[in-house]
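Counted the way the working numbering counts, the sequence shown spans residues 11 to 300.
Idealized CB from N, CA, C, for every residue including glycine.
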Amino acid sequence: MVVLHVKRGDESQFLLQAPGSSELEELTVQVARVYNARLKAQRLCSEMEELAEHGVFLPPNMQGLTDEQIEELKLKDEWGEKCIPSGGSVFKKDDVGRRNGQAPNEKMKQVIKKTIEEAKAIISKKQVEANVCVTMEMVNDALDQLRGAVMIVYPMGLPPYDPIRMEFENKEDLSGTQAGLNVIKESEAQLWWAAKELRRTKQLSDYVGKNEKTKIIVKIQQRGQGAPAREPIISSEEQKQLMLYYHRRQEELKKLEENDDDSCLNSPWADNTALKRHFHGVKDIKWRPR
């Protein structure tokens, strides 16, 4: 199996295994699917952290308003009254004004946070350092764990406008957001390796050969964004070590230049008349009076 180290720009994303005989049409879609699913899991983890701290989402027409404004406009959070967390709620005001402040109790909060940690471990970029290959099944498992935690804490479900529910139902609206810019459509995804586009009409082996134990770095791009930057010749860690070596060497040369080269001439071994005076018996005669 060929191991693909998938990157977006210079940032590592995950490792993925594929046979050398893989059709690049299917492989490109597979890489894009895993990449986008990991982004979905990251968005869910972020929103669920807020859910654990401040409760469910407020209706769009109530977000950002003060309590006085809500009372003056006679607005009512009907879904907030239905979506009560298991074991009761604890009020913790959301300073941003996005959530209703009815947070789960400490026990239920820990259920959500523990699940978030487990999901983050599955999709973590540290899996690359650990040489663990990620599959779509692993990411789906992380998503299922997150969904299960929400169902445990909120058995009545979440409001239809809550971003967590919308993510689970694949109805999320990411238009105009940075998160939306990160998503790559499967039909528009491109894989690049060694400054070459891996064309979908070919097989992986057409580029990397028949060796099934090959490991390559591929970069995923949106069609139309052009070729990504090539990988540096040396890694950032190697560059740091090289700069450290040259810095030390420069300091050593600087110290050598500061030393007086003539200072050694005052040493006894540098006296070219020492042997003559030794044979004349005047080696250690001092002419100054005591």
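Residue nearest to residue 92 in terms of C-alpha spacing, selected from 78, 84, 110, 75: Along the sequence shown, read from residue 1 onward, the residue named residue 92 stands at position 82. It is 110 whose Cα lies nearest to the Cα of residue 92.
Rounded separation between residue 56 and residue 50 - CA only: Position 46 of the sequence shown holds residue 56. Position 40 of the sequence shown holds residue 50. For residue 56 and residue 50, the distance between alpha carbons rounds to 10 Å.
Proximal residues to residue 159 (C-beta, below 7 Å), its chain only, five neighbours per side dropped: Here the question's residue 159 lines up with position 149 in the sequence shown. Same-chain partners within the cutoff: 121, 122, 125.
Under 8 Å between C-beta atoms of residue 34 and residue 214: Within the sequence shown, numbered from 1, the residue matching residue 34 stands at position 24. Within the sequence shown, numbered from 1, the residue matching residue 214 stands at position 204. The answer is yes: Cβ separation under 8 Å.
Delimiting residues of the beta strand (DSSP E) encompassing residue 28: Position 18 of the sequence shown holds residue 28. First-last of the beta strand (DSSP E) with residue 28: 21 to 28.
8 Å Cβ shell around residue 2 - same chain, five flanking residues per side excluded: The structure shown has nothing for residue 2, since the chain only spans 11 to 300.
Residue from 52, 42, 198, 14 whose Cα sits closest to the Cα of residue 134: Residue 134 sits at position 124 when you count from the first residue of the sequence shown. Comparing Cα-Cα distances from residue 134 to each of 52, 42, 198, 14, the minimum goes to 52.
Per-residue burial, residue 284 [other beta carbons within 10 Å of its own, 16 or more giving buried]: Position 274 of the sequence shown, counting from 1, holds the residue named residue 284. The residue is exposed, with fewer than 16 neighbouring Cβ atoms inside 10 Å.
Short Cβ contact (8 Å threshold) for residue 173 with residue 182: Locating residue 173 in the sequence shown gives position 163, where the first residue counts as 1. Locating residue 182 in the sequence shown gives position 172, where the first residue counts as 1. Yes, these two residues count as a Cβ contact at 8 Å.
Through-space distance from residue 193 to residue 78, alpha-carbon basis: Reading the sequence shown from its first residue, position 68 is the one you call residue 78. Reading the sequence shown from its first residue, position 183 is the one you call residue 193. C-alpha separation (whole angstroms): 39 Å.
Cut-off 8 Å between Cβ atoms - residues of its own chain near residue 177, not counting five sequence neighbours on either side: The residue given as residue 177 occupies position 167 in the sequence shown. Hits under 8 Å: 50, 53, 54, 57.
Nonlocal neighbours in the same chain, by C-beta distance under 8 Å from residue 117, ignoring five residues either side: Translated into positions along the sequence shown, residue 117 becomes position 107. Taken in chain order, the residues that qualify are 97.
Identity of the residue in 69, 17, 30, 63 nearest residue 44 by Cα: Reading the sequence shown from its first residue, position 34 is the one you call residue 44. Out of 69, 17, 30, 63, 17 has the C-alpha closest to the C-alpha of residue 44.
Contacting residues, own chain, Cβ-Cβ under 8 Å from residue 286 (five flanking each side not counted): On the sequence shown, position 276 is the one that residue 286 refers to. Nothing listed; no residue qualifies.
Enclosing beta strand (DSSP E) for residue 99 [first to last residue]: As a first step, residue 99 must be located in the sequence shown, where it is residue number 89. Note, residue 99: beta strand (DSSP E), 99 to 101.
Cβ-heavy atom distance, residue 43 to the ligand NAD, below 7 Å: Although the ligand NAD was asked about, the structure shown includes no ligands whatsoever.
Cβ pair residue 24, residue 138 closer than 8 Å: Position 14 of the sequence shown, counted from the first residue, corresponds to residue 24. Position 128 of the sequence shown, counted from the first residue, corresponds to residue 138. Taking 8 Å as the Cβ cut-off, residue 24 and residue 138 qualify as a contacting pair.
Closest by C-alpha distance to residue 156, when choosing among 143, 48, 68, 196: Residue 156 sits at position 146 when you count from the first residue of the sequence shown. Ranking 143, 48, 68, 196 by Cα distance to residue 156 puts 48 first.
Proximity below 8 Å, CB of residue 196 to CB of residue 42: Looking up residue 196 in the sequence shown gives position 186. Looking up residue 42 in the sequence shown gives position 32. Cβ distance < 8 Å, so residue 196 and residue 42 count as in contact.
Three-state secondary structure (DSSP) of residue 239: Taking the sequence shown and counting its residues from 1, one reaches residue 239 at position 229. In the structure shown, residue 239 sits in coil (DSSP, three-state: anything other than H, G, I, E or B).
Three-state class that DSSP yields for residue 173 in the structure shown: Locating residue 173 in the sequence shown gives position 163, counting from the first residue. In the structure shown, residue 173 sits in a helix (DSSP, three-state: H, G or I).
Beta strand (DSSP E) runs wholly inside the stretch 155 to 210, at least 3 long, in chain order: 199 to 203
Secondary structure of residue 48, DSSP reduced to three states: On the sequence shown, position 38 is the one that residue 48 refers to. Correct three-state label for residue 48: helix.
Chain-order list of residues whose beta-carbon lies under 7 Å from that of residue 64 (same chain, five-residue window excluded): Residue numbering aside, residue 64 sits at position 54 when the sequence shown is read from its first letter. Cβ within range, chain order: 102, 104, 109, 111, 113.
Residue 211, buried or exposed, once every other Cβ within 10 Å from all chains shown has been counted against 16: As a position in the sequence shown, residue 211 is number 201, starting the count at 1. It is exposed - the Cβ of residue 211 has fewer than 16 other Cβ atoms within 10 Å.
Outcome for residue 14 when other beta-carbon atoms lying within 10 angstroms are tallied against a minimum of 16: Residue mapping note: residue 14 aligns to position 4 of the sequence shown, counting from 1. The residue in question, residue 14, is buried, as its Cβ has 16 or more Cβ neighbours within 10 Å.
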